[in-house]
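Following: one structure in structure tokens, then a few remarks.
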Amino acid sequence: AVITNHMPTSELQALDAAHHMHPFTHGTGLAGKGVRVITRANGVWLTDSDGNRILDGMAGLWCVNIGYGRKELAQAAARQMEELPFYNTFFQTTHVPAIALSQKLAELAPEGFNHVFFAGSGSEANDTNLRMVRTYWAEKGQPERNIVISRWNAYHGSSVGSGSLGGMKGMHMQGGMPIPDIHHIDQPNWWAEGGDMTPEEFGLERARQLETAIQELGPERVGAFIAEPVQGAGGVIVPPETYWPEIQRIVDKYGILLIADEVICGFGRTGNWFGSQTMNIRPHIMTVAKGLSSGYQPIGGSIICDEVAEVINGVEFNHGYTYSGHPVACAVALENLRILDEEGIVTRVREETAPYLKEKFETLTEHPLVGEAKIVGMMGSIALTPDKASRAAFESEAGTVGFICRERCFANNLVMRHVGDRMIISPPLVISKDEIDILIARAWQSLDECH
Ligand code: PLP
């Protein structure tokens with residue numbers, strides 16, 4: 002039988018459980034539980050197979066920045082598929098969509114970023130970065146500088162290389178991660194780990210872990226530090242204001258490369274084109290994906306500063322993916338960037354909707370269960386706690402209350418995610434003020450139901 006949107010939900014769920022293996026999911030846990038089947042979407046609204054309209058507070062997976070249902074992107078894909086559905090960019094060939102997208106990214110990126118290496122995803126792009134920084138140092142005559150320092154609870158992807166760069170211990174426990182010469186320092190999560198320190202003191206303490214690590218490992222062996230400007234999947238951890246300036250000082254002092262993983266923070270999420278601009282940092286490489294195409298096509302890449310690009314361009318870099326610079330993905334990304342740019346969506350986030358969201362989001366701290374609310378641009382998190390004053394954790398296993406809260410949100414037709422006992426949001430950048438009000442009201446109601 003042909004499987005369509007019109008089949009009864011229970012039949013779709015049974016077929017899904019029988020054949021489809023889901024990422025980051027306990028497979029047998031799904032059977033009989035009934036996954037929600039999403040059938041269509043428009044703006045910030047998802048529709049499921051039972052006809053419910055759900056406010057997508059996560060923009061898919063932090064990616065549908067321009068919102069769902071933009072026909073221009075479908076048309077760009079169709080045009081490109083008819084004209085040139087595929088050609089590779091290996092071996093002395095290129096094509097117009099890859100040229101145009103790399104030029105546009107160079108135009109949008111901070112000064113001195115004029116080179117792009119394409120990949121099919123954020124994970125692939127971070128694998129590129131790992132090999133690129135090691136190649137860079139080898140070409141500079143310092144091949145022993147191959148250690149990359151990252152942070153616990155960072156998320157840089159799911160491939161063996163990018164998963165090793167990431168700091169998710171659950172991932173490291175499976176499948177041979179981390180690979181050698183990756184080192185992790187702690188994340189700047191003041192709420193959970195700041196103890197008696199002020200956020201400012203704690204920011205410095207966490208940043209100085211980088212310097213300690215460099216000294217212990219040997220400055221001549223450390224090649225790069227990788228970090229998300231605002232840690233996303235680790236719980237939307239907005240660092241204290243002292244954190245990034247100190248990291249920048251240390252990176253500069255030891256001359257190591259800084260990789261800013263902009264997969265979530267890029268393309269308007271923090272109120273600027275790049276999170277590095279919001280956090281006022283000067284990376285050498287920026288990882289991009291997700292919002293680059295607003296998720297309409299799978300595409301990622303590394304935007305590389307002139308100095309690193311010059312070294313890498315001086316050798317044959319034995320690296321690339323069949324879909325590096327896929328023409329259809331590039332054409333769709335280009336159209337997405339045109340819309341973000343011409344419709345002033347990033348500016349509107351910065352000047353109008355993000356300040357409004359911040360004001361409303363912070364009212365959630367008046368709820369008895371909510372300790373802190375942290376938000377930058379259109380990415381935010383709240384910490385759930387049984388006792389605000391002591392910033393206590395729940396007695397139940399970490400994540401239990403967060404999970405219940407996420408389930409209540411979903412039942413109330415709002416998508417929020419939980420990371421342990423933090424609840425996070427990252428809505429499409431086109432969310433309106435009225436829709437923000439609905440988001441906050443549903444979040445509040447769901448929190449009430451967690452009591
Ligand atoms: N880097 C960051 C900061 C991410 O959040 C993600 C995905 O969530 C990735 C990299 C991996 O990207 P992808 O899932 O496209 O491989």
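The sequence shown runs 2 to 452 under UniProt numbering. The C-beta atom is built at its ideal place from N, Cα and C for all residues, glycine as well. No experiment lies behind these values; they were computed from the predicted model shown.
*asked:* If you follow the alpha helix (DSSP H) that V289 is in, where does it begin and where does it stop?
replied: Counting along the chain, V289 falls outside any alpha helix (DSSP H), though it belongs to the beta strand (DSSP E) covering I286 to V289.
*How long is the line joining the alpha carbons of D57 and K141, rounded to whole angstroms?*
Whole-angstrom Cα-Cα distance: 47 Å.
*Taking all protein chains shown into account, do 16 or more other C-beta atoms lie within 10 angstroms of the C-beta of T279, making it buried, or fewer, making it exposed?*
Buried is the call here.
*How about H23: is its Cβ closer than 6 Å to a heavy atom in the ligand PLP?*
Not under cutoff, so the answer is no.
*asked:* Taking DSSP's pairing of strands, which residues face W46 in a bridge?
replied: Note: W46 sits in a beta bridge opposite N43 and L56.
*Please classify A120: does DSSP put it in a helix, a strand, or coil?*
If DSSP states are grouped into helix, strand and coil, A120 belongs with the strands.
*asked:* Below 6 Å, is the gap between the Cβ of Y156 and the nearest heavy atom of the ligand PLP?
replied: Yes.
*Given a threshold of 16 other Cβ atoms within 10 Å of its Cβ, counted over all protein chains shown, does R80 qualify as buried or as exposed?*
Exposed: under 16 other Cβ atoms inside 10 Å.
*Mind the definition here: the segment 155 to 174 touches the segment 366 to 380 only if three or more C-beta pairs lie below 8 Å; say whether that holds.*
As far as the Cβ criterion goes, the segment 155 to 174 does not touch the segment 366 to 380, which means the pair count is below three.
*asked:* Under 6 Å: does the beta carbon of V402 sit that close to some heavy atom of the ligand PLP?
replied: Remark: the shortest separation between the CB of V402 and any heavy atom of the ligand PLP does not fall under 6 Å.
_At the level of alpha carbons, what is the spacing between G326 and D17?_
G326 and D17: Cα-Cα distance of roughly 32 Å.
*Tell me R37's beta-bridge partners as DSSP assigns them.*
In the DSSP output, where bridge partners are listed per residue, R37 has none listed.
*Give me the Cβ distance between V45 and I432, rounded to the nearest whole Å; I'm assuming they're in contact under 8 Å.*
The C-beta distance from V45 to I432 rounds to 5 Å, short enough to fall under 8 Å.
*Check: G123 C-beta below 6 Å from any heavy atom of the ligand PLP*: Checking the Cβ of G123 against the ligand PLP gives yes.
*Any idea what DSSP makes of V65, helix, strand or coil?*
In this structure, V65 counts as coil in the three-state DSSP scheme.
*Tell me whether D128 counts as near the ligand PLP, meaning its Cβ is closer than 6 Å to at least one heavy atom of that ligand.*
Taking the Cβ of D128 as the reference point, every heavy atom of the ligand PLP lies at 6 Å or farther away.
*Spatial neighbours of P429 within its chain, please: CB distance less than 6 Å, with the 5 preceding and 5 following residues excluded, ordered by chain position.*
The answer, listed in chain order, is V45, A60, V65 and G68.
*Would you mind working out which of W274, S295 and R54 sits nearest E112, comparing C-alpha positions?*
Nearest of W274, S295 and R54 to E112, Cα basis: W274.
*How long is the line joining the alpha carbons of V377 and H21, rounded to whole angstroms?*
Each residue's Cα considered, the two are about 36 Å apart.
*Tell me the DSSP bridge mates of F226?*
Here F226 is bridged, per DSSP, to I150 and L259.
*Start and end of the alpha helix (DSSP H) containing H173?*
Where H173 is concerned, the enclosing alpha helix (DSSP H) stretches over K170 to H173.
*By a C-beta neighbour count over all protein chains shown, 10 Å radius and 16 as the cutoff for buried, is G235 buried or exposed?*
Buried is the call here.
*Provide the residue(s) that pair with K375 in DSSP beta bridges, ordered along the chain.*
Per DSSP, the beta bridge partners of K375 are S382.
_Cutoff 6 Å; reference G162; Cβ partners in own chain excluding five residues on either side_ = Excluding five sequence positions before and after G162, the CB atoms of its chain that fall closer than 6 Å to its own CB belong to D128 and L131, given in chain order.
*Can you tell me the Cα-Cα spacing of D262 and A120, whole angstroms?*
If I take the Cα positions, the gap works out to 14 Å.
*Could you have a look at N115 and say whether DSSP puts it in helix, strand or coil?*
N115 falls in the strand class under three-state DSSP.
*Return the residue from the list E221, K375, T199 and T348 that minimises the CA-CA distance to V149.*
Residue E221 is the option with its Cα nearest to V149.
_Pair within 7 Å by beta-carbon distance, I257 and V231_ = No, the pair does not count as a contact, with Cβ atoms beyond the cut-off.
_When you measure from the CB of D307 to every non-hydrogen atom of the ligand PLP, does any distance come out below 6 Å?_
D307 Cβ: outside cutoff for every heavy atom of the ligand PLP.
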